[in-house]
Amino acid sequence: MEKPIDYWKEIYTRHSQTDIYKRKVEKTVEILNELFDLKIKTYGSISGGKDSTCIMDLLYKLDNNFQFVTEKDDMDFPEEIPFIKSFIQKGYKIDIITPPIKLWDVINEYNFCEDIHSKGTNFSDQFFYGLLKKYQKDNKYKAVILGLRAEESKGRLMNFKKNGHIYYNKTWKQIVCQPIAHWLAKDVFAYLFSENLSILPIYFMSKFVDSPENIRKSWILPSAQANKGQGIWLKYYYPELFQKLCEKMPQLRCYV
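Heads up: the sequence shown at position 255 corresponds to 1423 in this note's numbering, and the numbers run straight through without jumps.
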């Protein structure tokens, strides 16, 4: 059963008052200052999701002139660009980059009920990671700060165990800092609520999950999660988008 936002606000605000949470925030600030001590040109890559919103605010409090970038296109949820622009209006420095084409015009060339979100897939590399890599190169950045967490996947857990919070990425030829890698999803929501930050509404579209912590934001495309409830979720909360996707790929209906 979907619970009201105030219900979650009370739960996560209580968590923000715990010592274990406060120590995690302190550790993150230490990590960011450690990176800043390197005196290299650094930017933050954000999506508008809960984790990157948390990172964005932490960095803004340390340096209100810090530069961020976000990739936005017509495969994002309709609330995302207004959400990002609301932070720009508050003074956050955010560059918005977009693909040179409308993704709706080419999406029928891809099977978006299979994995097209992950790094290494043609769709993501062409319309997401490629744009970010060009941004990094064009602006001569030497380090990037990301809101990745080890809890999110086995791959990210293995990466964190191997590389820690700050490491050099040979593929991108830059230093990567993941200062909240040791946080849990409940820590992120605790930060957002305790700091009175805006949160994308999709995290509280929780009819089919136990809590906002189980919702992951990416493109509107169901991808490999189509058979794990993402198709049903999309049909329930965004019926017009679901119908539009079904017109591109009718087999999406098989997952609902």
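Think of the CB as a built atom: it goes at the ideal place given N, C-alpha and C, for glycine as much as any other residue.
Measure from the alpha carbon of residue i to the alpha carbon of each residue in the options, then state which is nearest.
i	options	result
Asn1327	Val1424, Lys1229, Ile1208, His1350	His1350
Lys1171	Ile1334, Ile1388, Phe1372, Cys1414	Phe1372
Lys1416	Gly1397, Trp1176, Tyr1405, Pro1390	Pro1390
Glu1194	Lys1354, Tyr1404, Leu1226	Leu1226
Ile1313	Gln1235, Lys1305, Tyr1260	Gln1235
Ile1249	Pro1380, Leu1368, Tyr1406	Leu1368
Tyr1336	Val1344, Ala1318, Lys1330	Val1344
Leu1413	Glu1198, Val1274, Gln1304	Val1274
Do residue i and residue j have their C-beta atoms within less than 7 angstroms of each other?
i	j	result
Tyr1180	Phe1291	no
Asp1241	Pro1267	yes
Ile1223	Gly1315	yes
Asp1355	Lys1192	yes
For residue i and residue j, I'd like the C-alpha separation in whole angstroms.
i	j	result
Asp1244	Glu1202	34 angstroms
Gln1411	Ile1400	12 angstroms
Lys1302	Asp1293	12 angstroms
Thr1196	Pro1347	5 angstroms
Lys1190	Glu1320	21 angstroms
Trp1340	Gly1259	29 angstroms
Phe1295	Lys1385	17 angstroms
Tyr1359	Glu1408	33 angstroms
Ala1353	Trp1272	31 angstroms
Tyr1404	Asp1219	25 angstroms
Asp1231	Asn1331	26 angstroms
Leu1402	Ile1370	10 angstroms
Lys1338	Gln1304	14 angstroms
Glu1247	Lys1270	18 angstroms
Arg1421	Gln1342	42 angstroms
Asp1205	Glu1198	11 angstroms
Thr1221	Met1169	26 angstroms
Lys1329	Ile1188	20 angstroms
Gly1298	Glu1277	19 angstroms
Leu1300	Tyr1175	37 angstroms
Lys1322	Lys1207	32 angstroms
By Cβ distance, which residues of its chain are closer than 7 angstroms to residue i, with the 5 residues on each side in sequence left out?
i	result
Thr1238	Ile1214, Ser1215, Gly1216, Ile1252, Ile1262, Ile1264
Arg1324	Leu1316, Arg1317, Ala1318
Asn1233	Lys1261
Ser1379	none
His1333	Ile1199, Cys1345, Gln1346, Pro1347, Ala1349
For residue i, which residues in the same chain have their Cβ closer than 6 angstroms to its Cβ, ignoring the five residues on either side in sequence?
i	result
Gly1397	Phe1376
Ile1173	Phe1372
Tyr1406	none
With a threshold of 6 angstroms (Cβ to nearest heavy atom), would residue i be considered close to the ligand SAM?
i	result
Tyr1405	In the structure on display, the ligand SAM does not appear, and there are no ligands present to speak of.
Using C-beta distances below 8 angstroms, list every residue in its chain close to residue i, excluding the 5 sequence neighbours before and after it, in chain order.
i	result
Leu1200	Leu1226, Leu1227, Leu1230, Ile1313, Cys1345, Pro1347
Ser1254	Ser1366
Ser1374	Glu1170, Lys1171, Pro1380, Asn1382, Ile1383
Check: Is there contact between the region 1208 to 1225 and the region 1308 to 1315, where contact requires at least three CB pairs shorter than 8 angstroms?
Finding: yes
Next item on the list: Decide if the region 1359 to 1370 is in contact with the region 1181 to 1191; the criterion is three or more beta carbon pairs, one per stretch, under 8 angstroms apart.
Entry: Yes: the two stretches touch, three or more of their Cβ pairs being nearer than 8 angstroms.
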